[in-house]
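Residue numbers for the sequence shown follow the numbering used here, so the first one is 172 and each next one is one higher.
Some notes on the structure that comes next.
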Amino acid sequence: MTQAAILATEQKQSETNPVVLEVRHLTKHFPVGSMFKPRFVHALNDVSFAIRRGEVVALVGESGSGKSTTARLITRLIEPTSGEILLHGIDVLKTQPHSATLEYRRAIQMIFQDPYGSLNPAMSIGFHLERPIKIHQKHRAAQNTVHDLLATAGLNPPDEFANKFPYQLSGGQRQRVAIARALAVDPEIILADEPISMLDVSIRMGVLNLIEQLKEERGIGFLYITHDLASARYIGDRTIVMYAGHMVEGAESTELMRQPAHPYTRLLLSAVPNPEAGLGTGAEQARGEIPSLIDPPPGCPFSPRCPRAMNVCRQVMPETTNLSADHWVRCHLIGSKQAVSSQV
Ligand code: SF4
Numbered sequence: 172m173t174q175a176a177i178l179a180t181e182q183k184q185s186e187t188n189p190v191v192l193e194v195r196h197l198t199k200h201f202p203v204g205s206m207f208k209p210r211f212v213h214a215l216n217d218v219s220f221a222i223r224r225g226e227v228v229a230l231v232g233e234s235g236s237g238k239s240t241t242a243r244l245i246t247r248l249i250e251p252t253s254g255e256i257l258l259h260g261i262d263v264l265k266t267q268p269h270s271a272t273l274e275y276r277r278a279i280q281m282i283f284q285d286p287y288g289s290l291n292p293a294m295s296i297g298f299h300l301e302r303p304i305k306i307h308q309k310h311r312a313a314q315n316t317v318h319d320l321l322a323t324a325g326l327n328p329p330d331e332f333a334n335k336f337p338y339q340l341s342g343g344q345r346q347r348v349a350i351a352r353a354l355a356v357d358p359e360i361i362l363a364d365e366p367i368s369m370l371d372v373s374i375r376m377g378v379l380n381l382i383e384q385l386k387e388e389r390g391i392g393f394l395y396i397t398h399d400l401a402s403a404r405y406i407g408d409r410t411i412v413m414y415a416g417h418m419v420e421g422a423e424s425t426e427l428m429r430q431p432a433h434p435y436t437r438l439l440l441s442a443v444p445n446p447e448a449g450l451g452t453g454a455e456q457a458r459g460e461i462p463s464l465i466d467p468p469p470g471c472p473f474s475p476r477c478p479r480a481m482n483v484c485r486q487v488m489p490e491t492t493n494l495s496a497d498h499w500v501r502c503h504l505i506g507s508k509q510a511v512s513s514q515v
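Structural data, given as C-alpha cells:
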C-alpha cells in the first residue's frame with residue numbers, strides 16, 4: 172500500500188470511526204519504602220493508545236503487566252503520575268468541574284472480572300439498573316428502562332430477571348447484568364477487565380458475542396483486558412501486548428497473531444493450545460517470572476527472561492519500530508534489523 176493510500180484510508184476511518192478516547196504517555200509510579208529511602212513501583216510507563224467509535228482494543232499480558240492499572244487510571248479510580256487522558260480531544264485531567272466529571276463517568280464505564288463482587292447481594296437486579304438511570308437522569312434527554320436494558324443484555328424474560336437477586340443468577344447472567352448496568356447511562360467506551368476469565372468456558376462465547384453486538388449496533392468502543400490471546404484474537408480489532416508496565420507490541424489483531432515480532436508475544440502465542448500442532452511442539456522457551464517493578468534497572472524489561480537477549484538489551488530500552496502502517500514493536504532485535512536493512 173502506498174503512503175497516499177494509507178493516508179486516504181486513515182482519513183476515511185477518522186471520518187466514519189472518530190477517536191473517542193485517547194491516552195498519551197500515561198505513567199503510574201506508586202510510592203513505597205520510607206521517607207529516607209523513597210522507592211517506587213513502576214506499574215505503568217509511557218502508555219499511549221486510542222480507541223475509536225465501535226472499535227475493540229485488546230490489552231494483553233500476564234499478571235503485573237499493567238493492564239488493570241491502565242483501566243483504573245482511565246476510570247480515574249486512581250490518578251496518574253503523568254500523562255494525558257483525552258475524551259473527544261479534551262484532556263480530562265486538566266479540565267473537569269463536577270458536572271463534567273459526571274459526564275466523563277457516564278461516557279466511560281467499566282465492567283469487572285468478578286461480576287458477583289460488583290453487585291450488592293441484598294439488592295435486586297432491578298435496583299442495580301435503576302440507580303444509574305436515576306443518578307444520570309437530570310443530564311440525559313432519553314431514558315433507558317430496566318426492561319430494555321435486560322432485554323438488550325439477553326436476560327429474558329426481563330421482568331422476571333429484574334426481581335431476582337444476584338445469588339439466583341449464574342456467572343454468565345451476572346456478567347450480563349454488569350453489562351446492562353454499564354449500558355444504563357449510554358456509554359461511549361466500556362473498559363472490560365477480564366470479563367470472561369471467571370466464567371465457564373461454555374458461556375464465555377455468549378458474553379463475547381454480546382460485546383461484538385454492542386460494538387456493531389451501538390458503536391460502543393471497548394478496551395478488552397485479558398491474559399488470553401485466543402479471546403483477544405476473536406474479539407479485538409487491534410491488540411496491544413504489555414509486559415512489566417510497558418507496551419511492547421501492537422497491531423491489527425489478525426496481523427499480530429499471524430506475524431508476532433516481539434519474543435514475549437511469541438511466548439504468549441506459543442502458550443495458546445493448538446490442537447493441530449499437538450503437544451510439546453513449537454513452544455517458545457523463556458525462563459523466570461515477571462521482574463520486580465520496584466525501581467527496575469534500565470534496558471528491556473523482558474531481558475531477564477528473553478532467550479534472545481543481547482548485551483544492549485540490558486542497558487538500553489528499545490525504541491518503537493514500525494513494521495507496517497498498523498504494526499509496531501519495541502525490541503532491539505527488530506530495531507537493529509530495520510536499521511541494517513535501511514542502510515543497505
Ligand atoms: Fe529480547 Fe532484547 Fe528484544 Fe528485549 S529487546 S525482547 S531482551 S531481544
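Each residue gets a CB set at the ideal place from its N, CA and C atoms; glycine is no exception.
Annotation for residue 364: the continuous beta strand (DSSP E) segment containing it runs 360-364.
Taking 7 Å as the cut-off, one finds at least one heavy atom of the ligand SF4 near enough to the beta carbon of residue 474. Residue 266 carries a coil assignment under DSSP once its states are collapsed to helix, strand and coil. If you draw a straight line from the Cα of residue 277 to the Cα of residue 248, it comes to about 14 Å. In this structure residue 349 is not in contact with residue 295, their Cβ atoms being roughly 15 Å apart against a cut-off of 8 Å. DSSP places residue 417 in no alpha helix (DSSP H) but in the uninterrupted beta strand (DSSP E) bounded by 417-423. No residue range can be given for residue 430, since it is assigned to no alpha helix (DSSP H) and is classified by DSSP as neither H nor E.
The shortest C-alpha to C-alpha distance from residue 319 to any of 298, 307, 341, 355 is the one to 355.
Annotation for residue 434 indicates a beta carbon within 7 Å of some heavy atom of the ligand SF4. Across the structure, residue 487 and residue 501 are spaced so that their CA atoms are roughly 11 Å apart.
Taking a cut-off of 8 Å on C-beta distances, the region 207-217 does not touch the region 379-392, as fewer than three cross pairs fall below it. When distances are taken from the beta-carbon of residue 489 to the heavy atoms of the ligand SF4, the shortest one is below 7 Å. Between the alpha carbons of residue 431 and residue 333 lies a gap of roughly 45 Å. Straight-line spacing of the CA atoms in residue 233 and residue 293 works out to 34 Å. Taking a contact as a CB-CB distance under 8 Å, the pair residue 191 and residue 360 counts as one, their CB atoms being some 6 Å apart. Inclusion of residue 480 in the 7 Å shell around the ligand SF4 follows from its C-beta lying nearer than that to a non-hydrogen atom of the ligand.
If you compare the alpha carbons of 433, 429, 346 with that of residue 371, the shortest gap goes to 346. Of the other Cβ atoms in all chains shown, 16 or more fall within 10 Å of the Cβ of residue 417; this residue is therefore buried.
Proximity of the beta carbon of residue 326 to the ligand SF4 is not indicated: no heavy atom of the ligand is located closer than 7 Å. Within the same chain, and ignoring the five residues on either side of residue 235 in sequence, the residues whose Cβ sits closer than 6 Å to its Cβ are 461.
For the 8 Å CB-CB criterion, residue 504 and residue 440 do not form a contact. By the criterion of a C-beta distance shorter than 6 Å, residue 221 is surrounded in its chain by 190, 193, once the five residues flanking it on both sides are discounted. Under the DSSP assignment, residue 413 falls in the beta strand (DSSP E) whose first and last residues are 409-414. A Cβ-Cβ contact shorter than 8 Å links residue 246 with residue 279. Per DSSP, reduced to three states, the secondary structure at residue 218 is strand.
Collapsing the DSSP output to three states places residue 348 in a helix. Annotated three-state conformation of residue 393 is strand, per DSSP.
Rounded to whole angstroms, the Cβ separation of residue 258 and residue 275 is 6 Å, and the two are in contact under 8 Å. Apart from sequence neighbours up to five positions away, the residues of its chain that approach residue 198 with a beta-carbon distance below 7 Å are 215, 216, 217, 251, 252, 253, 254, ordered along the chain. Rounded to the nearest whole angstrom, the C-alpha separation of residue 412 and residue 263 is 25 Å. For residue 254, there is no enclosing alpha helix (DSSP H); the residue is found in the beta strand (DSSP E) stretching over 253-258.
In the three-state scheme derived from DSSP, where H, G and I count as helix and E and B as strand, residue 281 is classed as strand.
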